[in-house]
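Only one structure is covered here, and it is reproduced in the block below.
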Amino acid sequence: MFAIIQTGGKQYRVQEGDVIRVESLKGEAGDKLDLTPIFVGGDKTVFGDAAGKFTVNAEVVEHGRGEKIYVRKYKSGIQYRRRTGHRQDYTAIKILGIKG
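Numbering (the working numbering), first residue to last: 1215 to 1314.
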């Protein structure tokens, strides 16, 4: 059985035992989360309001920051050059089960 969850404006396909990195969530390591799926698949396919009856149980594993991404800006002819860096915060969560 698998589910599609939405968090941080992105959708993730998960199943029991997966560890995924999502945009930063509140909570300490070891805290439990209940997420509502938008689609559940497996023996039966359920989506829409019927998928709202299911819950995806997850546990916060860690918080961290991703790799640095460099952003470069350049305009030709006027000697304009800029370089900045960005590191996105993330939360790693482990999927404990899909219940419904």
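The beta carbon of each residue, even a glycine, is placed where N, CA and C say it ideally should be.
Since the model is a prediction, treat every value here as computed from it, not as a measurement.
- Report the option in Thr1221, Ser1238, Asp1232 whose CA atom is closest to the CA atom of Gly1280. Ser1238
Is the beta carbon of Val1274 closer than 7 Å to that of Ile1251? Contrary to the premise, residue 1251 reads as Pro rather than Ile in this sequence. Taking a C-beta distance under 7 Å as the contact criterion, Pro1251 and Val1274 do not qualify as a contact pair.
Q.
Comparing C-alpha positions only, which one of Gly1266, Phe1261, Asp1245, Phe1253 sits nearest to Tyr1226?
A. Phe1253
Practice item. For the beta strand (DSSP E) holding Glu1242, just list the boundary residues, first then last. Key: Note, Glu1242: premise wrong, no beta strand (DSSP E); not H, not E.
Proximity winner among Asp1248, Gly1278, His1277, Arg1296, relative to Gly1266 (alpha-carbon distances) | Asp1248
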